[in-house]
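A.B. asks: Sharing a structure, written as C-alpha cells. Questions coming.
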Amino acid sequence: MHPVGHFHDAWKVRNRTFAATTEFDMLLFDQVRQDVREALLALYSFEAGPADFQVNLTRPEFEGDYTVVIFSLVKKLRLAPDMLARSLGDRLTQLHPDRYASHALVKGFLNLVVRDAWWTSMLAHAFSDPRHGMAAPTGRKVMVEYSSPLGHLRNNFLGWSIAEILQANGHDVVRTCIVNDRGVHICKSMIAWQRYADGATPASTGRKGDHFVGDWYVRFNDAFRAEVETLVASGVDKARAEKEAPILLAAQEMLVRWEQGDPDTLALWRTMNGWVYEGFETTYRRIGSRFEKTYYESDTYLLGKDAVEEGLRRGVFVRKDDGSVWIDLTPDGLDEKLLLRKDGTSVYITQDIGLAMRKHEDFGTDQSIYVVGDEQNYHLKVLRLICQKLGLPYADGIHHLSYGMVELPTGKMKSREGTVVDADDIVQEMVEIAERHTRELGKFEEIPAGEQGELFETLGLGALKFFLLRVDPKKKMVFNPEESIDFHGFTGPFIQYTHARIRSILRKLQPYPGYDISGVSLHRLEKDVLIRLEMYGQVLRQAAEDLDPSVVAIYAFQLAQAFNAFYAELSVANAATEPERQLRLRLCQMTCHVIASAMGLLGIRVPERM
RNA sequence: GGUCCCGUAGCUCAGUUGGAUAGAGCAUCAGCCUUCUAAGCUGGUGGUCAUUGGUUCGAAUCCAAUCGGGAUCACCA
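All residue numbers for the first sequence refer to this note's numbering, where the first residue is 1223 and numbers rise by one.
The structure is reproduced here in C-alpha cells:
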C-alpha cells in the first residue's frame, strides 16, 4: 500500500533537514561556479552567464579537485589564457581561503585544490544524514504511468525508478498504470478458451493466471493461422483471408457484444480478467512494484467516446460516410488517424484520450509522464497533438518517456515466434543464480537461515534491475539469455557487496558523533570518496532533469568503486590515530547511506551481509 | 516512399550545453587474502569514435552528404 501519509512523512523529514541553511546546502559544483563568477566580476567587471565557462572534476592524472575550463572566457575577455587563469586562481584563493587551498594552471585549465578542512567539515555535517542529497519540496505534482501489463520489465523498473527520483527531487508523485482490459485482444483469448479449453482454469491446471490467459491468446493465433491457410488453399487471396478468417470475425463480433453489454460475454470477461490480475499481483509483489491508482480501459474508453463526440461537434474530427470518425493530421506532418471504427467501437487512441481526461480530473498534475516503448513514439505524438487540438488544458504537460526495446542478440523479441523472455522466468532464474553464487563462494552457511531467501531475492532482483537501468533509457539494449547477467563489475551485486562490507564494519564500530576531525589531512583515496559523496545532490538533479535512472546507476557504481579502492588500501579499524579512525568511520557511514539511497531510487534493496 | 532513431575496444555500455593523452565492466594476461567480507583491489593487452567533407583555438559531441542497421506510418494494441 502507498497511503498519502507516506508523502507527508517525507516532507516533514525534508523540512527538518533543510530548516538550518549552511554552506553545504549548495553543491560544490555550483559553489565553484558562483565563486568564479564572483571573481570575474571583481577582476574584469564581467558578468558571466551559465554557458560562459565550464567546471569539471579534475582528471585523475592532474593535481587538483575541480577544474575551470577557461578557453571560452579567453575570447570574451581578450586575455591570454595563462594570464586569465593565474589572476582568476589568485583571486579565488584570496576571496575564499577557507575553500581553496591552491590552484595550478595546465594548458588553459585552472585546477583548484579544495582545502581538506572543507571536506572534513562537509563530512561532519552530512555523515549521519540518510537524506543527504535530497531536495526540499517543490509543490510540483507529477504523474508517472508505467507498466502496461503487456510491456516488459524495463518499463516497470524505469517507471518505478523515475517516480522515486522525482520524489527525491521534492516533487509530489502519483504512480499509475493502465490495464488494457478490453478490446479484440481480450476477445481473442475468450474465444479460444470457449472453444478449446473445455472448462480448464488456472486452478485446475496449476498455471499462473496471466500466463494461462496468454496461452489461449497464442491458441487463438494458431487457429487463426490454420484458417487462413485453409482459405488460401481454397483460392482466397491472402490479404482477404486474413481479414475474413471465421475465428477473427467471431472475435470481432464478441467485441461488439461486449460493448453492447451482453451479460454472458461480460461474465466470461470478468472471470478471465480476474485470472490475469491474480497473476499480475503475484509478479508485482515479487518485484516490489505498486501504484497509487490503477486505471482500466473498460472504464476510460467510454470517456474517450464522449470526447470524440465533443470533437465532432467542434469540428476537430470528421465522420466519414461509412460512419468511421477521423482526424486529419496531415497539416502537422502526420497522417489521418482513425478514432472510431465504422461499427462504432473504439480503438487504442480513443481510450487514451479518455484516460488523459480522467487522470486530470482525478489528480490535476502539472506534468504527466508516460513510460512507453519507442515503438509507440507516433502514437504518443498523436495523442498529445489531439489533446492540444481539443484544447485540453493539460495537453502540454503530456510527456512521453520513450525507452528502447530490449533485444536479443538475434534481434527483436517477437511474441509470434515465441522468443519473448518471460518476466517471471528471468526473475526466478536470477534468484537461483544468486543462491548458486553464494554457495560457490562458501558463504551460504554464514547467512542466517531466516535471511537466505530474502537475500537471494535481493541479489537476483538487484542484478536484474541494475542491468536494465544502467543504460540510457532512450537507447535500445541487448540482452543475451545465454550468458546470464553478471554479478561482478558494473553490476548491482558489486554495489550491494560494497554496502555489506561497510555494514560489517559499522556493526563493530560506530563513529563518535561529536568528535572533532577538522585537523585531519586527507589521503587521496579518502578524498576521492568524499568528492563522490558530495556530488550526490547534483546527480539526483541531473537524473530528474533527464528522467534517466542510469545517471544514478553509474554514480552508485563509481561511488562503490572509489570506496573499494579506499577499503583495499586503508584500514578503518586500525587507523594510525583516533581522529583518522573517526574520519574513516564517518566516511563509511555516509557512503553506506548514499549507496542505500541511490540503490533505493533504482528500486534495489541492499543487504546487511552477503 | 514520408517521419524519426542509432553506428565508440572482441562483447555490453559511459562520454553532461564542443575542452586535457576517448573511459568503464566483461573477456584475456600478470600480480595481491597471518589485518575491517577476494561478489574485492592493482597493473598490462585491446580504438581509423561507420565514411567523407565542413564550422574553429579545439569535434566522438555541431552541420551536410554517403554507407549500414532499426522503429513507425493498421477499422491491431
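Here a beta-carbon is modelled for each residue, glycine too, at the ideal position from N, C-alpha and C.
1. Considering only residues of the same chain and omitting the five flanking positions on each side of Ser1343, which have a CB-CB separation below 7 Å?
2. Would you decide whether Asn1495 is buried or exposed? Buried here means 16 or more other CB atoms lie within 10 Å of its CB.
3. Leaving out five residues before and five after Phe1379 in sequence, what residues of the same chain have Cβ atoms less than 7 Å from its Cβ?
4. Can you tell which of Ile1509, Glu1629, Val1774 and Tyr1789 has its C-alpha closest to the C-alpha of Val1816?
5. Is the segment 1589 to 1596 touching the segment 1507 to 1515, taking contact as three or more C-beta pairs under 8 Å?
6. Under DSSP, the beta strand (DSSP E) around Tyr1517 begins and ends at which residues?
7. Assuming the contact rule is C-beta atoms closer than 8 Å, Leu1556 and Phe1539 should be a hit. Round their C-beta distance to whole Å, please.
8. Please state if the CB of Ser1309 and the CB of Met1315 are separated by a distance shorter than 8 Å.
9. Find the nearest neighbour of Arg1563 within the set Asp1544, Gln1276, Tyr1600 and Ala1795, judged by alpha-carbon distance.
10. Look up Ser1590 in the DSSP assignment and give the residues it is bridged to.
11. If I follow the unbroken beta strand (DSSP E) through Glu1756, where does it start and stop?
12. Going by Cα to Cα distance, which pick from Ser1520, Arg1806, Gly1501 and Val1458 is closest to Leu1488?
13. Please classify Asp1770 as buried or exposed, where buried requires at least 16 other C-beta atoms within 10 Å of its C-beta.
14. Do the segment 1392 to 1402 and the segment 1611 to 1618 touch if we need at least three Cβ pairs shorter than 8 Å?
15. Pull up the distance between the alpha-carbon of Leu1755 and that of Ala1261, whole angstroms please.
16. Please state the DSSP three-state secondary structure of Thr1398.
17. Alpha carbons only, please: which of Arg1255, Val1290, Ser1294 and Phe1268 is nearest the one belonging to Asp1274?
18. Between which two residues does the beta strand (DSSP E) holding Gln1804 run?
19. Assuming Gly1576 contacts Thr1522 (C-beta within less than 8 Å), just tell me the rounded distance between them.
20. Could you spell out where the beta strand (DSSP E) holding Gln1276 opens and where it closes?
21. Assign Met1365 to buried or exposed, taking buried as 16 or more other Cβ atoms, counted over all protein chains shown, within 10 Å of its Cβ.
22. Does the beta-carbon distance from Glu1597 to Met1627 come in below 8 Å?
23. Taking only three categories from DSSP, how would you classify Gly1682?
24. Is it a yes or a no for the segment 1740 to 1753 touching the segment 1698 to 1712, going by three-plus beta-carbon pairs under 8 Å?
25. Do Leu1612 and Gly1533 have their CB atoms nearer than 8 Å?
C.D. replies: Well, looking at it:
1. Mapped onto the first sequence, residue 1343 falls at position 121. These residues qualify, in order along the chain: Ser1740.
2. To locate residue 1495, count along the first sequence from 1; it is residue 273. Asn1495 comes out buried.
3. For this step, residue 1379 is matched to residue 157 along the first sequence. Around Phe1379: Lys1687, Leu1690, Leu1691 and Gly1825.
4. Locating residue 1816 in the first sequence gives position 594, counting from the first residue. Ranked by Cα distance from Val1816, the options Ile1509, Glu1629, Val1774 and Tyr1789 are led by Val1774.
5. Because the criterion of three Cβ pairs below 8 Å is not met, the segment 1589 to 1596 and the segment 1507 to 1515 do not touch.
6. Mapped onto the first sequence, residue 1517 falls at position 295. Here the beta strand (DSSP E) through Tyr1517 covers Lys1515 to Tyr1518.
7. By 1-based counting over the first sequence, the position of residue 1556 is 334. By 1-based counting over the first sequence, the position of residue 1539 is 317. In this structure, Leu1556 and Phe1539 do not form a Cβ contact; the two beta carbons are roughly 15 Å apart against a cut-off of 8 Å.
8. For the purposes of this step, residue 1315 is taken as the residue at position 93 of the first sequence. For the purposes of this step, residue 1309 is taken as the residue at position 87 of the first sequence. The sequence given here has Thr at residue 1315, not Met. No, these two residues do not count as a Cβ contact at 8 Å.
9. Looking up residue 1563 in the first sequence gives position 341. The candidate whose alpha carbon is nearest that of Arg1563 is Asp1544.
10. Taking the first residue of the first sequence as 1, we reach residue 1590 at position 368. In DSSP, Ser1590 forms a bridge with Met1365 and Ile1620.
11. Position 534 of the first sequence, counted from the first residue, corresponds to residue 1756. For Glu1756, no beta strand (DSSP E) encloses it; the enclosing alpha helix (DSSP H) starts and ends at Arg1746 to Glu1756.
12. As a position in the first sequence, residue 1488 is number 266, starting the count at 1. Out of Ser1520, Arg1806, Gly1501 and Val1458, Ser1520 has the C-alpha closest to the C-alpha of Leu1488.
13. Here the question's residue 1770 lines up with position 548 in the first sequence. So Asp1770 counts as buried.
14. Contact between the segment 1392 to 1402 and the segment 1611 to 1618 is absent, with fewer than three C-beta pairs closer than 8 Å.
15. Counted from its first residue, the first sequence places residue 1755 at position 533. Counted from its first residue, the first sequence places residue 1261 at position 39. Rounded to the nearest whole angstrom, the C-alpha separation of Leu1755 and Ala1261 is 27 Å.
16. Counted from its first residue, the first sequence places residue 1398 at position 176. In the three-state DSSP reduction, Thr1398 falls in the strand class (E or B).
17. As a first step, residue 1274 is located in the first sequence; it is residue number 52 there, counting from the start. It is Ser1294.
18. In the first sequence, the residue the question calls residue 1804 occupies position 582. Run containing Gln1804: none in the beta strand (DSSP E); it sits in the alpha helix (DSSP H), Glu1800 to Leu1823.
19. What you label residue 1576 is simply residue 354 of the first sequence in a count that begins at 1. What you label residue 1522 is simply residue 300 of the first sequence in a count that begins at 1. So it is a contact: roughly 4 Å between Cβ atoms.
20. Translated into the one-based positions of the first sequence, residue 1276 becomes position 54. Here the beta strand (DSSP E) through Gln1276 covers Gln1276 to Leu1279.
21. Position 143 of the first sequence, counted from the start, is the residue given in the question as residue 1365. Burial check for Met1365: the Cβ neighbour count within 10 Å reaches 16 or more, so the residue is buried.
22. Indexing the first sequence from 1 puts residue 1597 at position 375. Indexing the first sequence from 1 puts residue 1627 at position 405. Cβ distance < 8 Å, so Glu1597 and Met1627 count as in contact.
23. Taking the first residue of the first sequence as 1, we reach residue 1682 at position 460. Note: Gly1682 maps to helix in three-state DSSP.
24. No, because fewer than three Cβ pairs between the segment 1740 to 1753 and the segment 1698 to 1712 fall closer than 8 Å, the two stretches do not touch.
25. Residue 1612 sits at position 390 when you count from the first residue of the first sequence. Residue 1533 sits at position 311 when you count from the first residue of the first sequence. It is a contact, given that the beta carbons lie within the stated cut-off.
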